[in-house]
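J.:
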Amino acid sequence: MISDNLTEAKRVLDSNNLVAIPTETVYGLAGNAYNVEAVEKIFALKKRPHYNPLIVHIATADQLNQVAKAIPEAALTLALEFWPGPLTLVLKKQSIISDAVSSGKDTVAVRVPNHPLTLELLKRIDYPLAAPSANPFGSISPTNAKHVRSYFENHLELILDGGDCERGIESTIIGFENETPVLYRLGSLALEQIEDKIGRVIVKNQNNDASPASPGMLSRHYAPATTTYVTDEIEKLLKAHSDKKIGVLLFQHQLKTVVEHQEVLSTAGDLTEAAKNLYAALHRLDSMKLDLIIAEKLPDTGLGKTLNDKLKRASKSANL
């Protein structure tokens, strides 16, 4: 059921069942973070490997001490500056956070989402929500309630409908190693904005398929079912695959070449708009039963770095 009924959402969650929730980034598959049964349901429904930790969502920065400890000063600075918002902090966890949530690590990934419906829900319950993206593991993240329904229609009592996600891509993830800030995942908060507040952030190797320090570090992720390539030589690829049914994902301008299925992320050339539209465009192309999706590389600055990272993880090859 798709609804904006918070009373019903609370009832389902209090029963240790799952609800899909809207955030400013993508829709999340939420359960009681303090209840191992609910957490296990998240992993089972997503078919998510247990070595990949979950993000815990809290209502306000004041609740941070309930789930995390030994919090570095830089983390507090970021929380006060960017929460509610698309920033996840990886911190030493309190004992109340189970190994099921943290994948056996001594840390917890935590944030305050910036969506009025979900913030109100978090205020009505007395536990935080563990909530990865509401999609099968490795698939395109959902940015509206219909995307979630297409994945889990017969498996969720409630999809809380908060409209289209404002940001459209996942949160940026920052951790702390010996109190040094480390980037674990590029997201919808640009690294430059973070460094403006706390100084230099170390960029960690963001491909770790064996034991990721945070969500979003697997080399293949966010992927359409359709084979996808990302390239800066679209015309060349179109000629090489002229016998195939192809969809094209473009940053700003449509191709002069006749291609029936074209998605333009931002006619204004705005990277924020492109980010908001990225997953929705991939969902549309993926639903067309194409042989191939060819995505154009974006300008590699600011949010463009994040979008290129998402496309690279979604693609069969970074280039051809």
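The sequence shown begins at 1 in our numbering and counts up one residue at a time.
Even for Gly, the Cβ is constructed at its ideal location relative to N, Cα and C.
(1) Going by beta-carbon coordinates alone, are Ala133 and Tyr27 separated by less than 8 Å?
(2) Which of the three DSSP states is assigned to Ala130 in this structure?
(3) Go through its chain and collect everything with a Cβ distance to Gln252's Cβ below 7 Å, but skip five positions before and after it.
(4) Work out the CA separation of Pro84 and Ser40 for me, nearest whole Å.
(5) Can you list, in chain order, the residues of its chain with a C-beta nearer than 6 Å to that of Gln63? Leave out the 5 residues immediately preceding and following it.
(6) My guess is that Pro53 and Val110 are in contact by the Cβ rule of under 8 Å, so how many angstroms apart are they, rounded?
(7) Can you tell which of Asp309, Thr306, Leu311 and Leu13 has its C-alpha closest to the C-alpha of Ile159?
(8) Using the three-state DSSP reduction, which class does Ile58 fall into: helix, strand or coil?
(9) Is the CB-CB distance between Val112 and Ala75 below 8 Å?
(10) Over the uninterrupted alpha helix (DSSP H) stretch that includes Leu121, give me the two end residues.
(11) Considering Cα atoms alone, identify which of Ala280, Asp291, Thr25 and Glu273 is closest to Ala131.
(12) Looking at the structure shown, is Ser3 part of a helix, part of a strand, or coil, going by DSSP?
(13) Give me the Cβ distance between Gly168 and Thr143, rounded to the nearest whole Å; I'm assuming they're in contact under 8 Å.
(14) Does the beta-carbon of Lys312 have 16 or more other beta-carbons within 10 angstroms, so that it is buried, or is it exposed?
(15) Among Lys289, Thr301, Tyr279 and Gly302, which one has its Cα closest to the Cα of Ala295?
(16) Name the DSSP beta bridge partners of Lys105, please?
(17) Throw me the rounded Cβ distance for the Gly247 and Ile293 pair, which I believe falls under 8 Å.
(18) Can you give the Cα-Cα distance for Lys146 and Asn178, rounded to whole angstroms?
(19) Which residues does DSSP list as the beta-bridge partners of Ala20?
(20) Apart from the five residues on each side of it in sequence, which residues of its chain come closer than 6 Å, Cβ to Cβ, to Tyr90?
(21) Thinking C-alpha only, which one of Asn277, Lys276 and Leu285 is nearest Glu260?
(22) Beta-carbon separation of Val56 and Ile96 under 8 Å?
(23) Please confirm if Thr226 has its CB atom under 8 Å from at least one CB of chain C.
(24) Give the straight-line distance between the Cα atoms of Lys305 and Leu186, rounded to the nearest whole angstrom.
(25) Taking 6 Å as the limit between beta carbons, can you name the residues of its chain near Glu195, skipping five residues before and five after?
(26) Curious, which full-length alpha helix (DSSP H) runs of at least 4 residues does the region 162–211 contain?
(27) Assign Thr257 to one of two classes, buried (16 or more other C-beta atoms within 10 Å of its C-beta) or exposed (fewer than that).
(28) Would you decide whether Val203 is buried or exposed? Buried here means 16 or more other CB atoms lie within 10 Å of its CB.
(29) Let me know the secondary structure DSSP gives Ile246 once reduced to three states.
(30) What does the Cβ neighbour count give for Ala44, buried or exposed, with the cut at 16 atoms within 10 Å?
(31) Give me, in chain order, the residues of the same chain whose beta-carbon lies closer than 7 Å to that of Ser15; leave out the 5 immediate sequence neighbours on both sides.
(32) Could you compute how far the alpha carbon of Ile327 sits from the alpha carbon of Thr7?
T.: On the basis of the coordinates in this document:
(1) Sequence inspection shows Ser at residue 133; the Ala mentioned does not correspond to that position. Result yes, Cβ atoms of Ser133 and Tyr27 sit closer than 8 Å.
(2) strand
(3) Val264, Ser266, Thr267 and Gly269
(4) Note that residue 40 is Glu in the sequence shown here, rather than Ser. Whole-angstrom Cα-Cα distance: 27 Å.
(5) none
(6) Not a contact, Cβ separation roughly 11 Å.
(7) Leu13
(8) Ile58: coil per DSSP, three-state reduction.
(9) no
(10) Taken as a continuous stretch (DSSP letters only), the alpha helix (DSSP H) holding Leu121 covers Pro116 to Arg124.
(11) Thr25
(12) strand
(13) 5 Å
(14) The residue in question, Lys312, is buried, as its Cβ has 16 or more Cβ neighbours within 10 Å.
(15) Checked all of Lys289, Thr301, Tyr279 and Gly302; the closest Cα to Ala295 is Tyr279.
(16) For Lys105, which the question treats as bridged, DSSP gives no partner whatsoever.
(17) With 8 Å as the limit, Gly247 and Ile293 qualify as a contact, their Cβ atoms being about 5 Å apart.
(18) 42 Å
(19) Leu29 and Ile159
(20) What sits at residue 90 in the sequence shown is Val, not Tyr. Only Thr107, Ala109, Gly175 and Ser214 meet the Cβ criterion.
(21) Leu285
(22) no
(23) Any reference to chain C falls outside this structure, which holds one protein chain only.
(24) 8 Å
(25) Val201
(26) 191–198
(27) exposed
(28) Taking every protein chain shown into account, the CB of Val203 has fewer than 16 other CB atoms within 10 angstroms, so this residue is exposed.
(29) strand
(30) exposed
(31) none
(32) Residue 327 lies beyond the stretch modelled for the chain, which goes from 1 to 320, so this question has no answer here.
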